[in-house]
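Residue numbers (this note's numbering), protein chains in the order written: chain C, 1 to 342; chain G, 1 to 342; chain W, 1 to 342; chain Y, 1 to 342.
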């Protein structure tokens, strides 16, 4: 019963098979092997951006920071949700890679901000040489609250940003879950006009690989230079490429995200709508548990995060907030066991 | 006949087995799994620095840059050999992670600099507020010329550096090869007084992992903060830990480096001493080949680098400079085939 | 009738005299002239921190950024008021000099935050490696709303910060005005435990000089290195020193700030308490004007800022928000003329 | 007898007059006063680059670093002479403002490098993603050896750089001395194709101001943003503008540089050609003195630098190397007194 994170589960067997295949014999290092070269083109085709700049990286933090640094000058401002991963969970990586930058935080229900909130935030930014000027809007899909951005809302954000001379970055650590849940394809997503997309694999069954996709293909060189100086160009790059290649083959990304989303839907159903803090639209569940339930679950070895952290001791009736995350390997047995303990 | 790089060969089967084992079930992410915690202590024990700050990273460039950034202020100067990897091959990563810094390049035969050269370089550095002051001496072992640093010479460098108020960093991308060749242990190496060591695995049979070891254990927090903001804290950290754990088990690092060094010795013997540019002390060979030999080898599919690059066409008698690298998987057949074509 | 800024008025004649005196003959450059050396000690004595690290800089932005960079690691977090100058008006200089950093913005009436707000902000900062950890609390005195920090409140902030392992920085662009208004001396101010103070002169009658004072004198070298690499070590440093020396002589800083504060009090009195947005505690006035009044004032050539900007055209009864700043040279005639037009 | 530096002497009276005039009454801060706006256009006209991006800064280090940062990506390489001010005397400011960067040092007689040396340095720079790629050539005119760059040689350097896709920066701390000595105008200088010029005033009789001129006028915004975040936008900017305005009026820059150059020529003549280390082409003299002469001069209060530093005690016949710098205020009496002591 491990629902702590989609980072906690095992990688998918097909990926290990691909890694084993890729390990045969010798290959050119630093991304010059055939698999590395072809997988970038597969990504361009999947997202229907044939000229895009594309690289792989081993972490989502690196992928986001590289994308942002290619779009944001050191004196630029990024608008994002108050709970955005780039704000809360990346240890200052965006500022490091950008060489400065400033994040302006927007509130919004369920991890998303509205077009109106964005417009107001831009309007309230002081003009002039003393201020840090607008450069980027960043959104996470799935959001940090586990919710989905509909295509129309993404397009609206892109429109506002572009009219204000800004680029739009999408943190897609759980983009597969979002696209499966939202019923849209990578190509349809890109048609909203997004400038940078991080297409995550690590949270969806890969050992560790994320793709950075920049619409502006003239930035390929800059993207690679930034990756190199960030220490993110792996010498044995075939092991990154093999993961991503397996992920794209027969839409494995879709299969795994679908399994995770389905598991979350079933778990949410067992928990009951009235206990949910945010709508469950992907593979994450934010819900309220009584401390008594938490004590039972904890005693049975269930793993998940309380946000904020809370003691096992105390009023048994008190409601605690929990985050539960399903992944491709979540079993019905786990869900049943959890439900039974509830 | 692939002698292009020790990055080109396959990873060792024992490492894949360890990865498969580590993949069973759920594990805490971000280095909080048992394997990640224990492998840091194994490294401390191996290098006999029980209080050292230790982290793993996926690339040597990241490992070097993290170590340097923990020891060098943004306005500090690093002394290294003119061909040092941190100068020539890391795309500016040291300057990026340090947030500035300046590398002062020293000449020296066979990839090493002498104590006298170092002392002179320090003495020639201007004093005062206008200059970038001395902070670090960095050496590579094996050097970029494939040569070995004897313990006594390392200790001499450390002595000079410490008397000048500087720390010493060792780039150990091929440190296993060096220690096997030099007949010294990690603990003996550390006893020279080194402040930072990067213990490489990627060039010696691992898919991709390097350890950063800082003698000053109070820097553990800083090292982890820098790794995180560099995007180098892998969520599924167990896959880094498993590689390093396998590497340490039954001294696999020693076995693999020994095999690579032995192969290089046999290949060097076939090439002949008179053709060698640098002494062969590890797993790298720098030698002269006639263009005619190069043409034959190339036609037979042999892979290696000419430094500088040279055309296949031209005077058949002209001597070209080549770099050949052996790895743990280099076979006697490959060596024999190469020798026969010579 | 120029109330646009205390940056807009002339420098005081005594300062020009001091500059002329300092210009006689030859002097060692880069702060090694006698005047530069003595003025640092005069500052240490005035603030009663005999071991403090002290440098001069030509701008407040530089002075703040240098102070913050000496106290905040590149991965550190700064807590400040939402309207702080370091957040709104320095074009990202703090992040540039820190090499990263992140500002957490606190709300609070009249440009100040309460101890409770600060405590809550600290408590709400996530722990752990993924977050940017607390490093500095920064306050402005006078605040950006023109209000004064009482000594007791500063001491309370320092206590909270120190208990949380943080340092405290005071942006003192208008510190002279604050100390005169609050009736406390520089030495009393430092006894609150502040770690870094910027003592401004530019807004109080000097052509352009600010002092950075760090309690921890071991940071003198770092502070000078950072100033040099920031391009802020003036070769003809005597011209900075002469300004500051004149400023300290016979407490000129106190005389000029007193004149500015008095002028503001008289102007505020003419405007009337009911129109004030913030209490007038120094030399800044934030007040509401009808558009009709604004039209009359504008026609008569009065200069001040409307915040936010507003058109001259429109409903004559609409109330607009204005900022009026007095300086040492503000005359009673200007005040009378303004009052008459109101 | 102060020949220590052209930074050591007084500022010219006309500049103080201009400052006094500028100090009358109120002026818009931050460069929005009429004088600040007009002086930028005067500079554009003087250098015949009507669309150029232009700002003023208070130090040469800031001016150089700002110019370089606008032309060099964080991962770029700068080629300069081994003794360049940006390498030896700016405390790492170029790397700080660039956010990385790497300086490749070229040797060359008398402070200049040849076209051949530059071409070879470029050719020897490794290609590929692992290397720091060429971005800028920087030259100093006058050079650090006090020598002059002829227009034809500058044009040759520009040609090589542009063909290699690089920009060219000219550090003109003593550009007035160079132009007077070389008999060319600012407009003729720019016609060589230079991309960035720093036009210094501080070493030539101003209290402290330098102009940054970037040929590419689209960089005006970036240049101003970088200046602001570097803390180099002075609020009372009229005091920078007034200095530069006086400098341009009736070609004061030319008059002062001519006086300094003439004084140096006379002093060099007194010293004698055979003692000169570098040709005297501007206002700097590098020469050999016996220790006996040095002892006499020192006893009489003469000030200048020995490079390297040397003791007053020792062999009286030993030749020491000295740098002597004249400025606009150097008198014939000083020269005569020095000559008499020789």
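Using N, Cα and C, we set each Cβ at its ideal position, and we do this for glycine too. None of these values were measured; they are calculated from a predicted model.
Check: Run through DSSP, which three-state label would residue 247/Y get?; Outcome: helix
Check: So which residues of chain G does residue 343/W contact, with C-beta pairs closer than 8 Å?; Outcome: Outside the modelled stretch of chain W, which goes from 1 to 342, sits residue 343/W, for which no answer is possible.
Check: Could you tell me which of 203/C, 223/C, 196/C and 111/C sits nearest to residue 176/C, measuring between CA atoms?; Outcome: 203/C
Check: Bridge partners for residue 138/W per DSSP, in chain order?; Outcome: 169/W
Check: Quick one: measure Cβ to Cβ for residue 226/W and residue 70/W, integer angstroms, because I've assumed they're closer than 8 Å.; Outcome: 7 Å
Check: Could you tell me whether the Cβ of residue 74/W comes closer than 8 Å to any Cβ of chain G?; Outcome: yes
Check: Please state if the CB of residue 239/Y and the CB of residue 206/Y are separated by a distance shorter than 8 Å.; Outcome: no
Check: Can you tell me where the alpha helix (DSSP H) with residue 287/Y in it begins and where it stops?; Outcome: First-last for residue 287/Y: 284 to 290, but that is the beta strand (DSSP E), not the alpha helix (DSSP H).
Check: When you check each C-beta in the region 32 to 45 of chain G against every C-beta of chain C, which residues fall closer than 7 Å?; Outcome: none
Check: State buried or exposed for residue 91/W, treating a residue as buried only when at least 16 other CB atoms are found within 10 Å of its CB.; Outcome: buried
Check: Would you grab the beta carbon distance between residue 187/C and residue 199/C for me? Rounded to a whole angstrom, and I think it's under 8 Å.; Outcome: Not confirmed; about 12 Å, so no contact.
Check: Taking 8 Å as the threshold (beta carbon to beta carbon), is residue 323/C in contact with chain G?; Outcome: no
Check: Is residue 229/G close to chain W? Criterion is C-beta to C-beta, closer than 8 Å.; Outcome: yes
Check: To test your reading of the DSSP string, which unbroken beta strand (DSSP E) runs of 3 or more residues are found completely within the region 53 to 102 of chain W?; Outcome: 53 to 57 and 77 to 81
Check: Taking the straight line between their C-alpha atoms, what separation do you get for residue 160/W and residue 125/W?; Outcome: 14 Å
Check: Looking at residue 332/C: is its Cβ nearer than 8 Å to the Cβ of residue 3/C?; Outcome: no
Check: Determine, for residue 236/W, whether the minimum Cβ-Cβ distance to residues of chain Y falls below 8 Å.; Outcome: yes
Check: Can you name the residues that DSSP bridges to residue 322/Y?; Outcome: 287/Y and 306/Y
Check: Quick one: what's got a C-beta closer than 7 Å to residue 11/Y's C-beta in the same chain, skipping five residues either side?; Outcome: 205, 206 and 207
Check: Figure out for me which residue from 39/W, 259/W and 113/W has the closest Cα to the Cα of residue 327/W.; Outcome: 259/W
Check: Which one of 95/C, 251/C and 295/C has the shortest CA to CA distance from residue 43/C?; Outcome: 251/C
Check: Return yes when the C-beta of residue 20/W is under 7 Å from any heavy atom of the ligand MN, and no when it is not.; Outcome: Absence of the ligand MN is noted for the structure shown, with no ligands found whatsoever.
Check: Identify the contact partners of residue 16/C in chain G, using a Cβ-Cβ distance below 9 Å as the criterion.; Outcome: 16, 19, 20 and 23
Check: In terms of residues, what are the limits of the alpha helix (DSSP H) holding residue 196/C?; Outcome: Element bounds for residue 196/C: not the alpha helix (DSSP H) but the beta strand (DSSP E), 196 to 200.
Check: Can you give me the C-alpha to C-alpha distance between residue 168/C and residue 89/C, rounded to a whole angstrom?; Outcome: 20 Å
Check: What are the partner residues of residue 105/C, as DSSP defines its beta bridges?; Outcome: 80/C
Check: The alpha helix (DSSP H) that contains residue 180/G, what's its start and end?; Outcome: 175 to 182
Check: For residue 126/Y, would you say it is in contact with chain G, using Cβ-to-Cβ distances shorter than 8 Å as the test?; Outcome: yes
Check: Quick check: the Cα distance between residue 317/W and residue 292/W, rounded to an integer number of angstroms?; Outcome: 6 Å
Check: Locate the alpha helix (DSSP H) running through residue 277/G, then write down its first and last residues.; Outcome: Where residue 277/G is concerned, there is no enclosing alpha helix (DSSP H), given that its DSSP letter is neither H nor E.
Check: Over the uninterrupted alpha helix (DSSP H) stretch that includes residue 40/G, give me the two end residues.; Outcome: 34 to 46
Check: Is it true that the region 126 to 145 of chain Y meets the region 72 to 83 of chain Y, where meeting means three or more beta-carbon pairs spaced less than 8 Å apart?; Outcome: yes
Check: Look at the alpha carbon of residue 274/C and the alpha carbon of residue 155/C, and state the distance between them as a whole number of angstroms.; Outcome: 31 Å
Check: Check the DSSP bridge columns for residue 213/G and list the partner residues they point to.; Outcome: 54/G and 197/G
Check: Since residue 390/W meets chain G, which of its residues come closer than 9 Å, beta carbon to beta carbon?; Outcome: The requested residue 390/W does not occur in the structure, where chain W is confined to residues 1 to 342.
Check: Which of the residues in the region 236 to 252 of chain Y, read from start to end, lie with their CB under 7 Å from any CB of chain W?; Outcome: 236 and 239
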